[in-house]
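To keep things clear, I will list the structure first and then write my remarks on it.
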Amino acid sequence: MGISFHKRKRIPLLFLIGIGIPCLLLGYLAFRGIQNDKALLEKERLNDHRKILDLITRSVGDSILKVEQAFILTLDKNQDTQQPGLILSIDSLKKQNPLIEEVFFSENYEKIYFPLAKLLFLPDGSNPSLSSLSNTSIPARKVPTGQQLEFQEKKYRQAIDSYQKEFEQTSYPQIKAELLSAIARVQKKSTLFRDALKTYEVIARDYSSIKTIGGVPLELAALSEISSLSLAMGDTLTAIKTYSDLYKDLVDRKWVLERAQYEFFSRKIISSIDSILSYVTLVEPLQQYNSSFSKLKAEETDQRRITEQLLTFQEITAADLKAKGPLITEEPRNAARRFTLESGEHEYLISLLGKYIRNENQGNQISGFLLDADYLRDIILYELLQSNVNSKKTGWIVKDRDEKTILKPENIPSGSLTVRTNFLGGFPPWFVELYQNDPDLFETFLFSRRGIYFYMFILLAGILIFGLALTVRTVAHELELSKMKSDFVSTISHEFKSPLSSIRQLAEMLQSGRVPSENRRQEYYDVLVEQSERLSLLIDNILDFAKIEEGRKIFDFQIVDIGLLLKEIVSVIQDQVRHKDFVIHVEIEKSLPPIRADRESLTQAITNLIDNAVKYSGDSRKIIVRAYAVDQYLIFTVKDFGIGIRKEEIDKVFERFYRGGDELTRTVKGSGLGLTLVKQIIEAHHGEITVESSPGRGSTFTVRIPLRGI
10 MGISFHKRKR IPLLFLIGIG IPCLLLGYLA FRGIQNDKAL LEKERLNDHR
60 KILDLITRSV GDSILKVEQA FILTLDKNQD TQQPGLILSI DSLKKQNPLI
110 EEVFFSENYE KIYFPLAKLL FLPDGSNPSL SSLSNTSIPA RKVPTGQQLE
160 FQEKKYRQAI DSYQKEFEQT SYPQIKAELL SAIARVQKKS TLFRDALKTY
210 EVIARDYSSI KTIGGVPLEL AALSEISSLS LAMGDTLTAI KTYSDLYKDL
260 VDRKWVLERA QYEFFSRKII SSIDSILSYV TLVEPLQQYN SSFSKLKAEE
310 TDQRRITEQL LTFQEITAAD LKAKGPLITE EPRNAARRFT LESGEHEYLI
360 SLLGKYIRNE NQGNQISGFL LDADYLRDII LYELLQSNVN SKKTGWIVKD
410 RDEKTILKPE NIPSGSLTVR TNFLGGFPPW FVELYQNDPD LFETFLFSRR
460 GIYFYMFILL AGILIFGLAL TVRTVAHELE LSKMKSDFVS TISHEFKSPL
510 SSIRQLAEML QSGRVPSENR RQEYYDVLVE QSERLSLLID NILDFAKIEE
560 GRKIFDFQIV DIGLLLKEIV SVIQDQVRHK DFVIHVEIEK SLPPIRADRE
610 SLTQAITNLI DNAVKYSGDS RKIIVRAYAV DQYLIFTVKD FGIGIRKEEI
660 DKVFERFYRG GDELTRTVKG SGLGLTLVKQ IIEAHHGEIT VESSPGRGST
710 FTVRIPLRGI
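With positions in the sequence shown counted from 1, the corresponding number in this note's numbering is that position plus 9.
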């Protein structure tokens, strides 16, 4: 044994000397080759990245140039910027090229206007009110009697009659509209809501083109009042419908409004709708309005952003445009200047095109367009990066002038920066960075030009590791077998010695006549029988376990009356443990069907289960054995009320030689083969065994055997 162990100990040393050292030498050479390859690969990678960025920047510039050329061609076909044909052509061009955010024109950089822009509102003061228009066609009016009755005397009925009389006498639409507004106003003050509602409906229908003195369309004001009156009258559904339609018309730019006018009506409508939706139970119709309202708010937010951006450009950047593009009338028409302007929080990407003299009497006509930065970045640039950059090997990030990341892939690059570049002429004002993702160590070695050294090292190291692993496993397996044999011999020796000692001691006492009492002699006889049965069961367990392990066990299946068998087994065991005050209750279902089974093996399995219950009952002296049939299965259980099994040990109780870790459990005698043998016998009958247990409450072993099929 000692010589064999020393031989095994020398095997790893021989592997190390014979293979390990050559592997280390080859590994060093492979490492040097890989380092040289790495430097060469980095140089090639740098050149590749530069080519990629050059391609991307040129492609972005070409995309912009293509739109510029199409725009110039459109201008050449339509010389006059005021011609409807030019507007239609530009509108068609814009729809075909999402890169164009908005087209603008200007004369001498004095005023910029957008021929296609649909703004939510105009700057305050840009929409002429009625008071600024020529009113020569409207006769002068004295202070109406209706106003005196309404505001001074508070006589609303008479005021309505006065306004109505004056309405019938005048023929001017503007005055009629004002008088109807006054009538509706007084009706509302008089809480004549239905009358006021009808009056406002007339105004909205017949005087939709009339504006108030402040320049507010009467139709808009009337519809707003109709919505308010519907809500005041408790007609919530009509109110929210009218408000929603009004909000949609407002967002769809049905009326030309100044900023303050738009903000007033927008806030009023949104506040009213929010108020309705917040306190009214949302029945199905209102839920639909809630959904459409949310979409309209999102659309308005987007349109407001665009409007604010264009108005800011229109109001502030004329001087900046002039500085970027001075008047050079000799400059060719098709020359385009690209640059970026910033104004507050807005940044504009501008392509400034033709500057030319139309004729002797007109100044320089400037044209250009704003590029949609989002489309340029998120669509054009993103697609170019995705299609030209290998995402597995190379990462990329786009940053602005403030070094803020404005575009990145789903997987943020983790490697080192290799190349950083801007676009041609600094337009757009972004920077593209390429990163080399950290490659896997395996990939680095795999694609090395001198990988032959690495492969040799791997081969030799594999042989070394395999040999060492095989040796270690062999030694460990033999040590484990040796330990198991030693433990088994020790356990079996103890199991044999204990009952033999008891049998010998009691037999000597009986032989020498030192037991005068008949009852005591009978008790000793019972113990002798019990210990003998215990030895017999132990021997049977060992022999059957060995046969099953070696595949030599032959089962003799025959028809067995399980109820009768259980009664016989329990009767025998009951007699053996009667002196310990144990009571084994048997509960067998009537008319229990017979099964095909190996009577001897099944008897051994049931005996082991009941013996196990007796040994681990602790202070309890009660055991219950049940048998019944359910769904073509015979089920019998053995339940004790003893020390139980810990949860973490339940799955191990059927392992051979396993004994519980609890001290109380270890004091119980046993070979560790009983439950293992039970499980093997039950599985040979195509059945299964399970256990339910908790410490201090006992255990229940359940066996399920099919009634047919064996």
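Every residue, glycine too, gets a C-beta built ideally from N, C-alpha and C.
Using the Cα positions of residue i and residue j, report the straight-line distance between them to the nearest angstrom.
i	j	result
F348	L361	8 Å
T685	E658	14 Å
A191	R313	33 Å
N617	R523	35 Å
I415	V407	6 Å
S199	Q296	34 Å
D628	D590	11 Å
T709	T699	8 Å
Q78	K120	25 Å
S376	R262	26 Å
I222	L320	25 Å
V687	Y534	29 Å
E664	I597	30 Å
F650	D620	14 Å
F176	I184	8 Å
A478	G471	10 Å
Q585	K656	31 Å
I421	D311	29 Å
V428	K402	14 Å
D57	L390	18 Å
Y271	Q167	35 Å
G683	G572	22 Å
R587	V712	26 Å
R387	T83	Residue identity check: residue 387 is Asp in the sequence provided, not Arg. Each residue's alpha carbon lies about 27 Å from the other.
Do residue j and residue i have their beta-carbon atoms positioned less than 9 Å apart in this structure?
i	j	result
D409	F440	yes
Q567	R605	yes
N574	V634	What sits at residue 574 in the sequence shown is Leu, not Asn. No, the Cβ-Cβ distance between L574 and V634 is not below 9 Å.
A614	I563	no
E412	A382	no
L102	F80	yes
E111	A126	yes
K277	L238	no
S233	Y298	no
V69	P437	yes
I279	I249	no
Y209	P182	no
L380	L358	yes
I644	I714	yes
F302	I315	no
D258	L229	yes
I582	S541	no
Y118	L426	no
V260	E308	yes
Q173	L158	no
Assuming residue i and residue j make a contact with CB atoms under 8 Å, what is their CB distance in whole Å?
i	j	result
E267	F130	6 Å
I65	N397	6 Å
L716	P602	6 Å
F114	Q374	7 Å
N399	S423	Not quite, the Cβ-Cβ distance comes to about 15 Å (not below 8 Å), so this is no contact.
A8	A205	Lying before the first or after the last residue shown, residue 8 is absent from the chain, which here runs from 10 to 719.
L611	V569	7 Å
L350	L108	Contact doesn't hold; Cβ gap of about 18 Å is too wide.
Helix, strand or coil for residue i, going by three-state DSSP, please let me know.
i	result
V538	helix
H694	coil
R717	coil
T699	strand
D649	strand
L686	helix
P226	strand
F564	coil
L201	coil
Y365	Only weak support is given to the placement of Y365: the predicted model assigns it a pLDDT of 47, under 50, and the value that follows is read from those uncertain coordinates. Three-state result, Y365: strand.
K656	helix
L611	helix
Say whether chain D places a C-beta atom closer than 9 Å to the C-beta of residue i.
i	result
L305	In the structure shown, chain D does not exist; there is a single protein chain.
Which ranges does the alpha helix (DSSP H) cover as unbroken runs of at least 4 residues, wholly within the segment 162-193, from first to last along the chain? 165-178
Which full runs of the alpha helix (DSSP H) of 4+ residues lie inside the segment 381-462, going along the chain? 391-397 and 450-455
Which runs of the alpha helix (DSSP H) at least 4 residues long sit entirely within the segment 57-132? Give them in chain order. 93-105
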